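Presented below is the structure to which this report refers.
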Amino acid sequence: MSDQRIPSVIERPLPNGVIYDMSTVGQVRITLPESSTWSSGLHWHETHDEYLKVVKGAIRVRLGDLRQVISATDGNQPEIKVPRYAWHEWQRAAPEGEEVVVIERTEPDDNEKAIFFWNLNGVILDSPKMLSDETSV
């Protein structure tokens, strides 16, 4: 077994730049820098409800057939519920402007979200290195 620590923060560069901060148990803090083209992709969850709390900036959300922009202000950090089985996707509302910060959490909280982000980003970030490394084939 490796003694290497699992990172609590994963960062991907632009153009689809994103920072996943998993240092707080039960939530993932997602930061989208200015001009990021990152999107969650259209998906649904079979085992849990998801909550998106907009802490900073504005996001464009598709929830079923509804499309809306949700913005945080100094006194308001709105949170929306995404029920299990509901198709949904979110991203920056606009490419320009301040960074966007969203806190994602699930009910029930089973830490599966953090595991998913580690696995997904491991593939995205490490597969180009593996493909160019002849010893990994």
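Per the numbering used here, residue 1015 is the first one in the sequence shown, and the count goes up by one each step. Just so you know, even glycine gets a beta-carbon here, dropped at the ideal spot from N, CA and C. Keep in mind it's a predicted model, so treat the numbers as computed, not measured.
For E1103, which of helix, strand or coil comes out of DSSP? Looking at E1103 - three-state DSSP - the assignment turns out to be strand.
Per-residue burial, W1101 [other beta carbons within 10 Å of its own, 16 or more giving buried]: By the neighbour-count definition (other C-beta atoms within 10 Å, threshold 16), W1101 is an exposed residue.
So does the segment 1052-1071 actually touch the segment 1099-1115, counting three or more Cβ pairs closer than 8 Å? With the cut-off at 8 Å, the segment 1052-1071 and the segment 1099-1115 touch.
At least 3 beta-carbon pairs within less than 8 Å: the segment 1074-1089 vs the segment 1019-1037: With fewer than three CB-CB distances shorter than 8 Å, the segment 1074-1089 does not count as touching the segment 1019-1037.
Give the straight-line distance between the Cα atoms of E1064 and D1035, rounded to the nearest whole angstrom. Distance between the alpha carbons of E1064 and D1035 is about 17 Å.
Buried or exposed by the 16-neighbour rule on C-beta atoms within 10 Å, applied to V1075: Its Cβ being crowded by 16 or more others within 10 Å, V1075 is buried.
Classify D1079 as helix, strand or coil using the three-state DSSP reduction. Collapsing the DSSP output to three states places D1079 in coil.
E1121 versus G1040, S1022, G1031, L1077, residue with shortest Cα-Cα distance: Comparing Cα-Cα distances from E1121 to each of G1040, S1022, G1031, L1077, the minimum goes to G1040.
To the nearest angstrom, report how far apart E1093 and H1062 are at their CA atoms. Taking C-alpha positions only, E1093 is separated from H1062 by approximately 16 Å.
Which whole runs of the beta strand (DSSP E) in the segment 1030-1102 are 3 residues long or more, in chain order? Scanning the segment 1030-1102 for uninterrupted beta strand (DSSP E) segments of 3 residues or longer gives 1032-1035, 1042-1046, 1063-1070, 1072-1077, 1080-1085, 1093-1096, listed from N- to C-terminal end.
Endpoints, beta strand (DSSP E) assigned at E1112: In the DSSP annotation of this structure, E1112 is not part of any beta strand (DSSP E), being labelled neither H nor E.
Taking Cβ to Cβ, would you say V1115 is nearer than 9 Å to V1069? It is a contact, given that the beta carbons lie within the stated cut-off.
Please state if the CB of L1046 and the CB of G1071 are separated by a distance shorter than 9 Å. In contact: G1071 and L1046 (Cβ atoms closer than 9 Å).
Whole angstroms are fine: how far does the CA of K1067 sit from the CA of T1126? The question names Thr, but residue 1126 in the sequence shown is Glu. For E1126 and K1067, the distance between alpha carbons rounds to 18 Å.
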